[in-house]
Structures are given as structure tokens and as C-alpha cells.
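> Protein sequences, first through last, are from chains A and B.
At position 123 of the first sequence (counting the first as 1) the number is 123 in the working numbering, and the numbers step up by one without a gap.
At position 28 of the second sequence (counting the first as 1) the number is 28 in the working numbering, and the numbers step up by one without a gap.
Beta carbons: idealized from backbone N, C-alpha and C, even for Gly.
As the structure is a computational prediction, the values presented were derived from the model and not from experiment.
Take this structure, written in C-alpha cells, and hold onto it; I'll ask about it next.
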Amino acid sequence: MARSGRKLPEVNSSSMADIAFLLLVFFLVTTTIATDKGLTLTLPPKADPNEPPPDITKNQRNIFKILVNSSDRILVEDEPMTDVKELRSMVKEFVLNFGKADEDAQALYNALPQSLKALSLKNESSSDNPKEAVISFKADRGTSYDIYIAILDELQGAYYEIYGERVGLTADEFRALDRKKPDEQAKYTAARNGFPMNISIAEPTKIGGK
Amino acid sequence: MAKFKKKSNTSQDIPTAALPDIIFMLLFFFMVTTVLRESTIMVKQSIPKATQLRKLSQKKLVSYLYVGKPNDPKKFGAEPRIQANDAFIEVDGIIQFIEEEKGKLAENEKDQITISIKVDDETKMGIVADIQEKMRDVNARKLMYAASKRAD
Chain A
1 MARSGRKLPE
11 VNSSSMADIA
21 FLLLVFFLVT
31 TTIATDKGLT
41 LTLPPKADPN
51 EPPPDITKNQ
61 RNIFKILVNS
71 SDRILVEDEP
81 MTDVKELRSM
91 VKEFVLNFGK
101 ADEDAQALYN
111 ALPQSLKALS
121 LKNESSSDNP
131 KEAVISFKAD
141 RGTSYDIYIA
151 ILDELQGAYY
161 EIYGERVGLT
171 ADEFRALDRK
181 KPDEQAKYTA
191 ARNGFPMNIS
201 IAEPTKIGGK
Chain B
1 MAKFKKKSNT
11 SQDIPTAALP
21 DIIFMLLFFF
31 MVTTVLREST
41 IMVKQSIPKA
51 TQLRKLSQKK
61 LVSYLYVGKP
71 NDPKKFGAEP
81 RIQANDAFIE
91 VDGIIQFIEE
101 EKGKLAENEK
111 DQITISIKVD
121 DETKMGIVAD
131 IQEKMRDVNA
141 RKLMYAASKR
151 AD
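Encoded structure:
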């Protein structure tokens, strides 16, 4: 049993690290980490050509109008706006207004957390309730895509903040909810219940651009 | 004095035997996260920044359209164009492109198709509106405007 003196045969592995480094550098250089992120949107179904367009019965007070022209000037509720960042709080106030709440809307209002109730101004000339409230966003063919995304970002942000606050999350956490997991799906539906994201993107006007 | 002269027989070398393992670990991380791009992008792509980003849950349902000014203006002109897979397409070609992409999916997933449009931020809305209209024509209604995270 006197084997302690014998050396084990060893493969020289000192260049292993160099080989691995070479491969590592190759992958580092060729990698572009996939950025599959963006603003999601569901388009409305195609209008049936055999049917006339439905009459618009919505009250003007339930529509929050945003217009952008071909030189990127913004008109919000007939007032010019320079800073897109103001939009988020305006949209939140508009959606949460509860001007003329019927029974359903009153129940919805009562279930809101205090922080959201505080935003409700109950202004008669603004939206009746969140179900009725529509954000109408109309751009021009000559509007730059940059501005379009910036505005859409603010609009969606306003809704996500409302959704998040209803279930005690931040907007970021709400957006990250994984709808494949039942408990997170439940939160998702609870947050959106009664607050449809009514962002209507109108067909752009044709003043600028081709 | 003899106490201090005691010879230590521990080696002064740092063992580097584990180094390859650490490097391999890094290597595997990059190999796993890498997605090799299947098509070369022929248009200018500087994606706009936004905050309210969402991730797409199912990659196989996503098809991409790239919009921007061609990198080679002598050949393809200076106006923004649409690239699908490896070729430029006209607005009318979008319908065919989406139908082809739908054909790759299973029957029950066909209306779940998501079109991710990667639009250069210097583009005007006209071409984007055209794409949206064609998407509605073929009932592919899920759309994503690709954007990158803006740090506030």
C-alpha cells in the first residue's frame, strides 16, 4: 500500500484559460443582447365596408383630445402644449374624474385607494366615469415618430400608474406582471377591472408628408 | 531565534486551476443569452426611447419589420423604407409578408401574431400609419413599437 509517493499523471491545462478567453471574446463581440421591448398596442378591427360607421354618441366631455400637427406642435383639449411630460397627470385627472357617476361607477370609485380618490375632482365638464372616458390621439402623416412615441408613452404611463396603484404596485411592477401565473393574472384583471385603456389612435391627417 | 527561522512549506503561488472554470462560466452565460441575428439590417436604426415598456411573452409569435432610411441611399433612395427579413418591401407587400409569417404558426396561434415594428426615430408617421392600416386589413392586430428604456 505504499502508493503515497507516486505522482498522479496530469494533463497540462494551463492553456485552457486562454482557449476559453478566446471563445469568450468571440461571443462578447458578436452578441447583441436581444431587446424585445416596446410599447404594445392592439389595433381596432377593420371597419366593415358594408356597414356605415357607427354614429358617435359620446359626449364631448368624455373625450380627451390630443392633436399633433406636421411640425410637431401639440394641441391638448384645444390648448397648445409644449412639454409632453404634463400629459400624464392631465390624463390621470381626466380618467379619474367621475363627473356623473352611475351606481357601477360609484362602486368603482368607493373601492379605489385613497391616493387615487384624491385625484378625482368630480368636475361636471370632464369625464363621467373611467369606462366612458376616451383618449383620442390624432397625429399627422408628417408628425415625427419620436413625438408620437413620447406621447403614447405618457398616455400608457398614466393608465399603468392607475392600474398599479389599485393593486398596490408601481407602474413598473404592474407592467412586469406575468400573466401565465394565476396569482399575477388575478392582480392584472383586478387592476384593469372597470378601467379599460381607451386610447383611440385616429387615422392621421394628410397635411404634411406624402 | 530559531523560532522565526521556521521554514514554511506552503506554496507562494495562487492556484489558477479554477480559472478556466470561471471563464467557461462566463462563456456559457454569453452563449445562452446570445441571439444571433438572422437578417442584416439595411436601414438606419436608432430606436426611440420610452419608459412604459413591456416585454413580449412569446417570441415565436413575433415578426419584425424595420423602418428607416436605407443605409445605402445611392441604391435604395433617401426616403424611409420598410425592410422585412432580408429585403425591402413596399407598403402593399406587408399583407403578403404577414400572411407568410402567419403560415409558420399553428392554427390556433394565427390571430395571436404580434408585429414588432422597429422604426428609426427620424421617420415620419405616414409610413407607420400605412403599416398599421395593412395590419388591420389582414387581422393582425397586435402591434409593438420597439423602444429602448429611458433612464429618467
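Between A/Ser144 and the rest of its own chain, which residues show a CB-CB distance below 7 Å, the 5 nearest in sequence each way excluded?
Excluding residues within five positions, the ones whose Cβ falls inside 7 Å are Asp72.
> What residues in the segment 171-205 of chain A bring their beta carbon closer than 9 Å to a beta carbon of chain B?
Of all residues in the segment 171-205 of chain A, Ala171, Asp172, Arg175, Ala176, Asp178, Arg179, Lys180, Ile201, Glu203, Pro204 have a Cβ within less than 9 Å of some Cβ in chain B.
> Spell out the partners DSSP gives A/Glu79 in its beta bridges.
For A/Glu79, which the question treats as bridged, DSSP gives the partners A/Val76.
> Let me see if you follow: with CB-CB separation under 8 Å, is A/Pro45 close to chain B or not?
True, the Cβ-Cβ gap to chain B drops below 8 Å.
> Is B/Ile89 closer than 8 Å to B/Ile131 when the C-beta atoms are compared?
No. Outside cutoff.
> Assign A/Phe26 to buried or exposed, taking buried as 16 or more other Cβ atoms, counted over all protein chains shown, within 10 Å of its Cβ.
Burial call: exposed.
> Checking contacts by CB at 8 Å: is A/Tyr163 closer than that to chain B?
Taking Cβ atoms only, chain B never reaches closer than 8 Å to A/Tyr163, which makes this a no.
> Counting beta carbon pairs with one atom in the segment 114-126 of chain B and one in the segment 61-74 of chain B, are three or more of them shorter than 8 Å?
Contact between the segment 61-74 of chain B and the segment 114-126 of chain B is present, because at least three Cβ pairs lie under 8 Å.
> Taking 8 Å as the threshold, find out whether the segment 120-136 of chain B comes into contact with the segment 44-57 of chain B through three or more Cβ pairs.
Yes, since at least three Cβ pairs between the segment 120-136 of chain B and the segment 44-57 of chain B fall closer than 8 Å, the two stretches touch.
> Could you work out which residues of chain A lie near B/Arg141, taking near to mean beta carbons separated by less than 8 Å?
In chain order: Thr42, Leu43, Pro44, Pro45.
> DSSP state of B/Arg141, grouped into three classes?
Residue state, collapsed to three classes: coil.
> Report the CB separation of A/Arg179 from A/Gln185 in whole angstroms; it is logged as a contact under 8 Å.
Confirmed, Cβ separation roughly 5 Å.
> Can you give the beta carbon distance from A/Ala133 to A/Phe94, rounded, assuming they're within the 8 Å contact cut?
Yes, they are in contact, since the Cβ atoms of A/Ala133 and A/Phe94 sit about 6 Å apart, within 8 Å.
> If the cut is a Cβ gap below 7 Å, which residues of chain B does A/Arg141 touch?
Per Cβ cutoff of 7 Å: Lys124, Met125, Gly126, Ala129.
> Considering just the uninterrupted stretch of the beta strand (DSSP E) at B/Val43, what are its terminal residues?
B/Val43 -> no beta strand (DSSP E), and no H or E assigned at all.
> Contact criterion: CB-CB distance below 8 Å. Does B/Pro48 meet it with respect to chain A?
With 8 Å as the cut-off, B/Pro48 counts as an interface residue toward chain A.
> According to DSSP, simplified to helix, strand and coil, what is A/Met1?
Below a pLDDT of 50, predicted positions are generally treated as unreliable, and A/Met1, at 49, falls in that range; the measurement from the model is reported next regardless. Coil.
> Could you spell out the range, first to last residue, of the beta strand (DSSP E) harbouring A/Glu236?
The structure shown has nothing for residue 236 of chain A, since chain A only spans 1 to 210.
> Among all the DSSP beta bridges, which residues are the ones paired with A/Lys138?
According to DSSP, A/Lys138 bridges with A/Leu67, A/Ala202.
> Per DSSP, what are the beta-bridge partners of A/Tyr163 in this structure?
Answer is none; A/Tyr163 lacks a bridge partner.
> With distance defined between alpha-carbon atoms, name the residue in A/Lys181, A/Ala176, A/Thr205, A/Lys85 nearest to B/Leu56.
When only C-alpha atoms are compared, the closest one is A/Ala176.
> If you check the beta carbons only, do B/Pro70 and B/Val43 fall under 8 Å apart?
Yes, the Cβ-Cβ distance between B/Pro70 and B/Val43 is below 8 Å.
> In terms of alpha-carbon separation, which member of A/Asp83, A/Val91, A/Ser120, A/Lys85 lies closest to A/Ala101?
The residue with the shortest Cα to Cα distance from A/Ala101 is A/Ser120.
> For the segment 36-47 of chain A against the segment 58-66 of chain A, do three or more pairs of beta-carbon atoms, one drawn from each stretch, fall closer than 8 Å, so that the two count as touching?
Because the criterion of three Cβ pairs below 8 Å is not met, the segment 36-47 of chain A and the segment 58-66 of chain A do not touch.
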